[in-house]
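**Q** A single structure is presented below for examination.
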Amino acid sequence: DIDIWADEFQRVLDDLHGLLTENRIFKQRNVNIGIITPEDVQTWGFSGVMARGSGMAWDLRRSQPYECYDEFDFQIPVGKNGDCYDRYLCRMAEMVESTRIIKQCVAKLRVEKGDILARGKVTPPSRGDMKTSMEALIHHFKLYTEGFRVPAGEIYAAVEAPKGEFGVYLVSDGTNKPYRAKIRAPGFLHLQALDYMCRGHQLADVSAIIGTMDIVFGEVDR
19 DIDIWADEFQ RVLDDLHGLL TENRIFKQRN VNIGIITPED VQTWGFSGVM
69 ARGSGMAWDL RRSQPYECYD EFDFQIPVGK NGDCYDRYLC RMAEMVESTR
119 IIKQCVAKLR VEKGDILARG KVTPPSRGDM KTSMEALIHH FKLYTEGFRV
169 PAGEIYAAVE APKGEFGVYL VSDGTNKPYR AKIRAPGFLH LQALDYMCRG
219 HQLADVSAII GTMDIVFGEV DR
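Take the sequence shown: its letters are residues 19 to 240, numbered as in our numbering.
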């Protein structure tokens, strides 16, 4: 049950706080390490915790709400100093807020009645429907062989991913294949500032800086 998991997860966070937050060695390794100012955030194109850890309350779920985020009550944790320690604190606080959102979602699901999945022609039909409906079988075949035609034009859409702003820019010429597609991966922008953030620090500090960037190297590979 998701509710039970959310309650247990809060206890895990409390244990982590007890182990790390006021730990003298942990603070020595993270306080005043990899400092990023609000000006640096704008210069390098940072987003997510990399921006919020420097005091910028920028979260697409609040500043540009999408889906149903405007229906939920949650806070945007921000730091003050822009160092590794503040980014750690922001992530810990965001896990608490994420748990609050999850519990609010569960409460809504218990009230709402009807289908949960979209029934539009952009999603594949279920296996059960394909076994009993010729229309569903044709829909599945056309969706996976041809796809669907997007009207000509261009669009940029972004969501607040765990690492930061994850965006996709698409240009369509009216066919079933994009004329141009560009993916904005937040970690790629963060990692390019590694040299800048490490200047004046020890080699041992690099691991803390990369850790608070929260890099996934499959995301930054080009």
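By construction, the Cβ of each residue, glycine as well, lies at the ideal position given by its N, Cα and C atoms.
#1: For V67, which of helix, strand or coil comes out of DSSP?
#2: Kindly indicate if chain D contains any beta-carbon less than 7 Å away from that of M148.
#3: Measure the beta-carbon distance from G97 to C108 and round it to whole angstroms, keeping in mind my assumption that it falls under 8 Å.
#4: Would you mind reading off the limits of the beta strand (DSSP E) that contains K200?
#5: Using alpha carbons as the reference points, say which of P83, Q28 and F235 lies closest to G205.
#6: For R118, which residues in the same chain have their Cβ closer than 6 Å to its Cβ, ignoring the five residues on either side in sequence?
#7: Taking contact to mean 3 or more Cβ pairs, one atom from each stretch, closer than 8 Å, check whether the stretch 219-235 and the stretch 44-58 are in contact.
#8: Relative to the C-alpha of T193, which candidate in H208, G171 and L209 has its C-alpha closest?
#9: Could you tell me which residues DSSP pairs with F184 in its beta bridges?
#10: Helix, strand or coil: which one does DSSP assign to E237?
**A** Based on what the coordinates show:
#1: helix
#2: You won't find chain D in this structure, because it holds only one protein chain.
#3: 5 Å
#4: R198 to R202
#5: F235
#6: Answer for R118: F92, listed in chain order.
#7: yes
#8: G171
#9: In the DSSP assignment, F184 is bridged to V177.
#10: helix
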